[in-house]
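**Q** Sharing a structure with you now.
2 protein chains.
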Amino acid sequence: MSKTVKSDERLFTIMEALKQREEAGVTELAKAVDLPKSSVHVHLSTLEKHDFVVKENGRYSLGLRFLDYGMIARNGRELYDIAKVKVDELSEKTDEQVWCITEENGKAIYLCGGSGEHAIQTDTYVGKQAELIDLAGGRAILANLPEPRRSEIIDGYEFGPESAFSDRETLIETLDTIRSDGIALNTEHYVKGVNAIGAPIIDNTGRVYGALSIAGPTHRLKGDFVENELSDLLLGTTNEIGVNLTYK
Amino acid sequence: MSKTVKSDERLFTIMEALKQREEAGVTELAKAVDLPKSSVHVHLSTLEKHDFVVKENGRYSLGLRFLDYGMIARNGRELYDIAKVKVDELSEKTDEQVWCITEENGKAIYLCGGSGEHAIQTDTYVGKQAELIDLAGGRAILANLPEPRRSEIIDGYEFGPESAFSDRETLIETLDTIRSDGIALNTEHYVKGVNAIGAPIIDNTGRVYGALSIAGPTHRLKGDFVENELSDLLLGTTNEIGVNLTYK
DNA sequence: AAAATTGTTCACTCACATCGAACGATTTAC
DNA sequence: GTAAATCGTTCGATGTGAGTGAACAATTTT
Chain A
810 MSKTVKSDER LFTIMEALKQ REEAGVTELA KAVDLPKSSV HVHLSTLEKH DFVVKENGRY
870 SLGLRFLDYG MIARNGRELY DIAKVKVDEL SEKTDEQVWC ITEENGKAIY LCGGSGEHAI
930 QTDTYVGKQA ELIDLAGGRA ILANLPEPRR SEIIDGYEFG PESAFSDRET LIETLDTIRS
990 DGIALNTEHY VKGVNAIGAP IIDNTGRVYG ALSIAGPTHR LKGDFVENEL SDLLLGTTNE
1050 IGVNLTYK
Chain B
810 MSKTVKSDER LFTIMEALKQ REEAGVTELA KAVDLPKSSV HVHLSTLEKH DFVVKENGRY
870 SLGLRFLDYG MIARNGRELY DIAKVKVDEL SEKTDEQVWC ITEENGKAIY LCGGSGEHAI
930 QTDTYVGKQA ELIDLAGGRA ILANLPEPRR SEIIDGYEFG PESAFSDRET LIETLDTIRS
990 DGIALNTEHY VKGVNAIGAP IIDNTGRVYG ALSIAGPTHR LKGDFVENEL SDLLLGTTNE
1050 IGVNLTYK
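Protein chains in written order, with our numbering: chain A, 810 to 1057; chain B, 810 to 1057.
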């Protein structure tokens, strides 16, 4: 790993601790990150000066300056621009939850989503980070990533009873199936009672931009309906997005 | 101003410079912020390690980690949660652009927006920061802010030919009118060809949460239609949100 | 093939981030 | 109603590590 700035690292640690609570005081944060109050205090003051945190009668919380940066980061992605309309269409047509994710530094990030009227509610939100391996869409991405890259990511995983896959071989087999099928069907559910399917978004050059997924209750997403009807709808949409990304 | 961490300040300067371009190299950024390449480089490495920037073949750009923080900051606001549905409804009903803004550190921040099919296109985006004084919604907020607070913000303004108001008195007069009217009608347009109206969102305790605004082309937003029909629609919505915020 | 950029690394040095103690201002306890 | 506890904030002493410019390697341009 290359050299980093310790002060920045501390800043990020404090930010992360603050993110995990709605709001917090200096003492509470100092305890959480195991640093002197005075240190935490100057960092918070610096953050506040630049609107990255807000102070309301002595309690700190995340500022909306992050929203500014976050939206610009998202709007800069061609994938987002092209996918958002299609995601809305697909969620309305299927009446289920539809998500568009992308890969960044080996992790999955939710770019945007849409929900039909009867769609399930989950704790997922735009901007959320997750492991590629845990999501239907993430597996679809992983399965289609070029080889030096894919192994780099997989090397970072720990297999075992905690993981969704017991060992590396099982994962590779699953990914191979997903690649040849063109779609990932989550039979082993990440969340209990929820099924999901995911398909990769790839342009004509083979570059993997991300994936789309449809999630719904197991009693609706099963059998022929998922394997044929829904899969075709999903693949049609990801295909369309892929083409638009090629000739943008 | 209280003490701050210089390293953090530098970090923010680099982030800001990066935000203003789609992507950039180390040398370009170093020139922009007037710092040695090596300094910019370690800060970027630190940012990259935490997913706040992404490096793609030597060029840096904002990472999606900001989206994570930004969405959590936004979702934590009760105003957003309650307003977003109403904003969508209102934009559909009026077929114009509708925005919900809030105030943070004396500045306006766009929380969410909706657009009718025939709505105008502007360079506004969710998360964008603007001066309260420049927006119809911002003036509606300013007009209803409690007194010690309002003056603090106004004290930060510079009046003159550059500003929308020539002097402090003119602004105060306008704000008084807005407060008694309950609505801000932008006759002097912030953007040429665009008219806007704004109304504050206030709960029963008098706390100002933000404002809603409707923007559209001058040829559609004029005369009786704006002053009666649209105004009533807007006030009805902000009223509703205010009540919901009281009994949440 | 040479020249001019690029991103990255390294070691020296003094600015400044860190820290614990002390300060007022609140809040809690009784 | 007072005392005790806890809060956020300030400050000066100290030694860590951020900043720096030069050198390096890897591109890209000429």
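The C-beta atom is built at its ideal place from N, Cα and C for all residues, glycine as well. All of these numbers come straight from a predicted model, not from anything done at the bench.
1. Which of the three DSSP states, helix, strand or coil, is assigned to Asn1048 (chain A)?
2. Does the Cβ-Cβ distance between Val814 (chain B) and His850 (chain A) come in under 8 Å?
3. Taking the alpha helix (DSSP H) that Pro1100 (chain A) belongs to, which residues open and close that run?
4. According to the neighbour-count rule (16 or more other Cβ atoms, all chains shown, within 10 Å of its Cβ), is Val894 (chain B) buried or exposed?
5. Scan the region 975-1052 of chain B and note each continuous beta strand (DSSP E) run of 3 residues or more that stays entirely inside, going in chain order.
6. In angstroms, rounded to a whole number, what distance separates the CA positions of Ile1011 (chain A) and Ala1005 (chain B)?
7. Skipping 5 residues on each side, what residues in its chain have a beta carbon closer than 8 Å to that of Thr836 (chain B)?
8. Determine the chain A residues that contact Val851 (chain B) at a beta-carbon separation under 9 Å, and present them in chain order.
9. In this structure, how does DSSP classify Arg1126 (chain A) when only helix, strand and coil are distinguished?
10. Residues in its own chain within less than 7 Å of Thr1046 (chain B) by CB, not counting five upstream and five downstream?
11. Should Asn884 (chain A) be labelled buried (16 or more other beta-carbon atoms within 10 Å of its own) or exposed?
12. Would the region 928-938 of chain B and the region 864-882 of chain A be scored as touching if the rule is three or more Cβ pairs under 8 Å?
13. Could you compute how far the alpha carbon of Ser816 (chain A) sits from the alpha carbon of Glu971 (chain B)?
14. Helix, strand or coil: how does DSSP classify Tyr919 (chain A) here?
15. Does the beta carbon of Ala882 (chain A) sit closer than 8 Å to a beta carbon anywhere in chain B?
16. How many Å lie between Gly1007 (chain B) and Ile963 (chain A) at the Cα?
17. Between B:His859, B:Cys909, B:Ala841, B:Asn914, which lies nearest to Leu856 (chain A) when the distance is taken from Cα to Cα?
18. Anything in chain A within Cβ reach of Ser1040 (chain B), meaning under 8 Å, just list it in chain order.
19. Mapping the DSSP letters down to three states, classify Thr933 (chain A) as helix, strand or coil.
20. Under 8 Å between C-beta atoms, does Gln930 (chain A) make it to chain B?
21. Is there a Cβ from chain A that is less than 8 Å from the Cβ of Lys846 (chain B)?
22. For a minimum of 4 consecutive residues, which ranges assigned as the alpha helix (DSSP H) are wholly contained in the region 872-914 of chain A?
23. Can you pull the chain B neighbours of Leu1030 (chain A), defined as C-beta to C-beta under 8 Å?
24. In angstroms, rounded to a whole number, what distance separates the CA positions of Tyr878 (chain B) and Tyr919 (chain B)?
25. In terms of residues, what are the limits of the beta strand (DSSP E) holding Glu940 (chain A)?
26. Could you give the residue range of the alpha helix (DSSP H) that holds Val835 (chain A)?
27. On the premise that Arg948 (chain A) lies in contact with Ile987 (chain A), defined as a C-beta separation below 8 Å, what is that separation, rounded to the nearest angstrom?
28. Out of A:Asp1033, A:Lys916, A:Leu888, point me to the one whose CA is closest to Leu944 (chain A)'s CA.
29. Mind pulling the chain A residues with CB within less than 7 Å of His859 (chain B)?
30. So which residues on chain A does Val863 (chain B) lean against when the C-beta distance must stay under 8 Å?
**A** The answer reads as follows:
1. For this step, residue 1048 (chain A) is matched to residue 239 along the first sequence. Of the three classes helix, strand and coil, the one that applies to Asn1048 (chain A) here is helix, per DSSP.
2. One-based indexing of the second sequence puts residue 814 (chain B) at position 5. One-based indexing of the first sequence puts residue 850 (chain A) at position 41. Not in contact: Val814 (chain B) and His850 (chain A) (Cβ atoms no closer than 8 Å).
3. There is no way to answer for residue 1100 (chain A), as the model of chain A reaches only from 810 to 1057.
4. Working through the second sequence from its first residue, we reach residue 894 (chain B) at position 85. Burial call: exposed.
5. 993-995, 1003-1011, 1017-1026
6. Your numbering for residue 1011 (chain A) matches position 202 in the first sequence. Your numbering for residue 1005 (chain B) matches position 196 in the second sequence. The straight-line gap from Cα to Cα measures roughly 42 Å.
7. As a first step, residue 836 (chain B) must be located in the second sequence, where it is residue number 27. Around Thr836 (chain B): Lys846.
8. Position 42 of the second sequence, counted from the start, is the residue given in the question as residue 851 (chain B). Per Cβ cutoff of 9 Å: Ser811, Lys812, Thr813, Val814, Asp817.
9. What is shown of chain A runs 810 to 1057, which leaves residue 1126 (chain A) out entirely.
10. For this step, residue 1046 (chain B) is matched to residue 237 along the second sequence. Lys895, Leu899, Leu1021, listed in sequence order.
11. Position 75 of the first sequence, counting from 1, holds the residue named residue 884 (chain A). Per the 10 Å Cβ criterion, exposed.
12. yes
13. What you label residue 816 (chain A) is simply residue 7 of the first sequence in a count that begins at 1. What you label residue 971 (chain B) is simply residue 162 of the second sequence in a count that begins at 1. Going from the Cα of Ser816 (chain A) to the Cα of Glu971 (chain B) covers about 39 Å.
14. As a working mapping, residue 919 (chain A) is identified with position 110 in the first sequence. DSSP places Tyr919 (chain A) in strand when its eight states are reduced to three.
15. Walking along the first sequence from the start, residue 882 (chain A) turns up at place 73. Cβ-Cβ to chain B under 8 Å: yes for Ala882 (chain A).
16. Residue mapping note: residue 1007 (chain B) aligns to position 198 of the second sequence, counting from 1. Residue mapping note: residue 963 (chain A) aligns to position 154 of the first sequence, counting from 1. Spanning the two alpha carbons is a distance of roughly 52 Å.
17. Mapped onto the first sequence, residue 856 (chain A) falls at position 47. Checking every option, the nearest Cα to that of Leu856 (chain A) belongs to B:Asn914.
18. Within the second sequence, the letter at position 231 stands for residue 1040 (chain B). None at all; the shortest Cβ gap to chain A is about 28 Å.
19. The residue given as residue 933 (chain A) occupies position 124 in the first sequence. Reduced to three states, the DSSP call for Thr933 (chain A) is coil.
20. Taking the first residue of the first sequence as position 1, residue 930 (chain A) is located at position 121. Answer no: the Cβ-Cβ gap between Gln930 (chain A) and chain B never drops below 8 Å.
21. As a working note, residue 846 (chain B) is residue 37 in the second sequence. So, not an interface residue.
22. 874-884, 887-903
23. One-based indexing of the first sequence puts residue 1030 (chain A) at position 221. Under the 8 Å cutoff, chain B gives no residues; its nearest Cβ is about 26 Å from Leu1030 (chain A).
24. Within the second sequence, residue 878 (chain B) is the residue found at index 69, counting from 1. Within the second sequence, residue 919 (chain B) is the residue found at index 110, counting from 1. When rounded, the distance between both Cα atoms is 16 Å.
25. Your numbering for residue 940 (chain A) matches position 131 in the first sequence. Glu940 (chain A) -> beta strand (DSSP E) spans 938-940.
26. Working through the first sequence from its first residue, we reach residue 835 (chain A) at position 26. First-last of the alpha helix (DSSP H) with Val835 (chain A): 835-842.
27. Position 178 of the first sequence, counted from the first residue, corresponds to residue 987 (chain A). Position 139 of the first sequence, counted from the first residue, corresponds to residue 948 (chain A). Correct: roughly 6 Å between the Cβ atoms.
28. For the purposes of this step, residue 944 (chain A) is taken as residue 135 along the first sequence, with counting starting at 1. Out of A:Asp1033, A:Lys916, A:Leu888, A:Lys916 has the C-alpha closest to the C-alpha of Leu944 (chain A).
29. In the second sequence, counting from the first residue as 1, residue 859 (chain B) sits at position 50. Result: Phe821.
30. The residue labelled residue 863 (chain B) in the question sits at position 54 within the second sequence. Residues of chain A passing the Cβ test: Glu913, Asn914.
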